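Down below is the structure, laid out as structure tokens.
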Amino acid sequence: MCRNLRIQMMKVPETMSADMTADFTPLATTNPFGRPLFNDPSVRKLARVGVVDIGSNSVRMVIFDGAARSPAYFYNEKVMCALGAGISDTGRLHPEGRVRALAAVARFEAIAQSLGISPLTAVATAAVRDATDGPDFCADVLRETGLTVHVIDGPEEARLSAQGVLLGWPGSYGLVCDIGGASMELAEIRDGHVGKCVTSSLGPLKLQSMKGGAKARKKYAKEVIADLHQQMGEQKDRLFLVGGSWRAIARIDMHRLGYPLHVLHEYRMTPKSVRETVKYIAKSDIEELRAACGISAARMALVPIASEVLKALVSRVKPKDIAVSSYGIREGMLYEQMPQKLRDRDPLIESARFSESKDARMPGFGKTLYDFIMPLFKSAPTATKRLVKAASLLHDVSWRAHPDFRAEVCFDNSTRANLGGLSHSERVFLGLALMYRYRNKPDGTRFDDLLGLLTPEQRHQAEILGKAMRFGAMLWMEKDAQLGEIRWFPKKKRLELRLHSSAKPLFSEVAESRLSSLASTLGAEVAVKFTKPSTDVLTD
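According to our numbering, the stretch in the sequence shown is residues 13 to 552, in order.
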């Protein structure tokens, strides 16, 4: 490993007392939360937990809540402190940044106390681990807030970031690249596990003060990335980008292309689009671009440097595609505490199930609806069946919205919600299906531009799903009801509804109209049969 990539943990000065030192114990060998988060592998709900991430550029607190397998952000606040600014020259944390970071951590701990979830779990990365006064800063945090800061080394930072990606993309494969203010890490993921991990000093705050300007930075980045690539080996699958600077570049890529869905998580770029966006950044007025893309001034100051690093990385690695991840170290810490049984669950389905249990008028009915409409999708790909299940669970969670806006609220929630394991096209598919659940003709909405992310076939399938849910919700109003079934004969273009005779009052004029609309979308003729109790035979 070249000298630029070696990361050594700092020794704590002998003058420091034992209770004032930073915790340098690897998180993989301990539980930084101080309590088991998942005592029962079958747990569905996450007990509220907070993490403070003390990075080289920002200090952020996230409080997680919601489904255990797909944690949601109950609270999320960031302060740009630039702790690592100037560290290459001084070897110390930036004085003003240190004051701001300490104030931010004190505020976050006060919030945690008011919410009854204190103490928070605090982790620090490159700036604190590299600075000669890093242990002093950790001691200040402990004295002022009572929080012990867990300082993680480079490879562990890479591993935790990769685990954060796995939390959102189960079974994903490729190369994870996490860029902070003062370092950049790479980690290999495959078959749900993290492989090789390496770290480097390619953080934009460190590169900012490099002598020789852009030419020297580009040469240095190229050399370091070549060494990283040699250590990691060929990695031509997907490249996952973690970190605020990468997300800012992705936001600029969206702006350049006029991309309609402004959700950074799971946003995809190609190597070509990265190159074009780097050129776009270089020739743009930075302040105008910052304002147009809604990026903070502190973040935008680092974007041109980060874009140089990304261009060099993509040129060397040559990934087949590039995906942006909003999940990183904080989510990786949660993932590390999960038993394998919990990790194996589908985050989308778990999140949808949790939403149903919390917000639906009749929790549990989603499964009944799913079983009822599944004959329409029995030959569909597994990925589509997964979306059918998620839609069935979510079909009623927005009932509190005004009827005039319920369809749009459903679409908005699906496309912009904090959901893992869901691509952008799948978000739009799910949103469109739920839109049809509440509106027979969802044309003319403010979301029309997003529908271009779907193929005509996907739009048709979403319409079938939405209209099937719209009809099915009319028939049973109790959990586990077994009053009938749909039979679909695609070759004959025949749709049969078989209802128990006791369900006849439910098959009203409105229900009949909704069934007719579904049949029209399928291009099918429809037949309705009522069965007597003695001859009624229902399939699963």
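Glycine residues also receive a C-beta, built at the ideal position from the N, C-alpha and C atoms. As the structure is a prediction and not an experimental result, all values here were calculated from the model.
Closest by C-alpha distance to residue i, when choosing among the options
i	options	result
aspartate 461	Val538, Pro272, Ser404	Pro272
leucine 511	Arg81, Pro517, Arg428, Thr543	Thr543
leucine 388	Ala294, Pro147, Ala97, Glu508	Glu508
tyrosine 450	Ala480, Gly128, Gly464	Ala480
tyrosine 87	Cys93, Arg81, Ala94, Phe76	Phe76
tyrosine 85	Arg72, Thr380, Thr427, Ile66	Arg72
alanine 238	Arg302, Ala309, Leu322	Leu322
glutamate 362	Thr42, Val64, Asn51, Ala80	Ala80
alanine 59	Asp65, Gly433, Ser532, Ser130	Ser130
valine 64	Asn51, Ala116, Ala304	Ala116
glycine 245	Ala199, Ser212, Arg280	Ala199
threonine 144	Leu154, Gly96, Cys189	Gly96
lysine 504	Ser514, Ala539, Ala515	Ala539
leucine 114	Ala94, Leu127, Gly103, Ser126	Ala94
glycine 433	Ala402, Phe423, Thr457, Asp424	Ala402
glycine 67	Arg104, Thr137, Ala122, Lys90	Thr137
threonine 157	Ala118, Lys208, Ser296	Ala118
leucine 154	Lys332, Asp101, Glu121	Glu121
serine 54	Lys541, Leu127, Lys370, Asp356	Asp356
phenylalanine 501	Ser520, Lys90, Ser513, Ala531	Ala531
aspartate 249	Arg202, Lys227, Ser212	Arg202
glutamine 352	Arg526, Phe50, Thr41, Thr42	Phe50
histidine 472	Ser82, Thr394, Tyr448	Tyr448
Whether residue i touches residue j by CB criterion (8 Å)
i	j	result
glycine 233	glutamate 320	Reading the sequence as shown, one finds alanine at residue 233 and not glycine. A contact, by the Cβ cut-off of 8 Å.
isoleucine 341	glycine 478	no
glycine 166	asparagine 69	no
glutamate 436	alanine 485	In the sequence under discussion, the amino acid at residue 436 is histidine, which differs from the glutamate named in the question. In this structure, alanine 485 does not lie closer than 8 Å to histidine 436 by Cβ.
proline 182	proline 359	yes
valine 421	alanine 429	no
arginine 499	alanine 536	no
tyrosine 347	leucine 132	no
isoleucine 317	leucine 253	no
histidine 277	serine 184	no
alanine 151	isoleucine 99	no
glycine 255	isoleucine 191	yes
tyrosine 292	isoleucine 264	yes
isoleucine 476	threonine 396	no
proline 331	leucine 251	yes
Assigned exposure category for residue i - 16 Cβ within 10 Å defines buried
i	result
proline 454	buried
histidine 205	exposed
threonine 160	buried
lysine 218	buried
phenylalanine 149	buried
serine 391	exposed
valine 522	exposed
phenylalanine 417	exposed
glycine 146	buried
glutamate 300	exposed
lysine 284	exposed
glutamate 108	exposed
arginine 47	exposed
valine 111	exposed
glutamine 242	exposed
alanine 124	buried
threonine 380	buried
proline 216	buried
proline 415	exposed
glutamate 343	buried
arginine 373	exposed
Bridge partners - residue i, DSSP secondary structure assignment
i	result
aspartate 333	Arg250
asparagine 430	DSSP lists no partner for asparagine 430.
proline 83	Gly78
tryptophan 500	Leu507
asparagine 88	Val74
lysine 541	Arg510
valine 206	Ile201
Close Cβ partners of residue i (< 6 Å) along its chain, the five nearest in sequence each way excluded
i	result
arginine 141	Val163
glycine 378	Glu368, Ser404, Leu405
Residues near residue i by beta carbon distance below 8 Å, same chain, minus five either side
i	result
leucine 39	Val135, His162, Ile164, Glu168, Leu172, Met345, Glu348
leucine 466	Ser437, Val440, Phe441, Leu444, Ala474
glycine 464	Pro272
methionine 222	Ser100, Ala228, Arg229, Tyr232
valine 275	Thr427, Arg428, His436, Arg439
heavy atom of the ligand HEM below 7 Å from residue i C-beta
i	result
glutamate 168	Questions concerning the ligand HEM fall outside what the structure shown contains, since it holds no ligand whatsoever.
Close-in-space but distant-in-sequence residues of the same chain around residue i (CB under 7 Å, 5 per side omitted)
i	result
glutamate 524	none
leucine 325	Cys189, Ile237
serine 529	Asn452, Lys479
asparagine 425	Ser410
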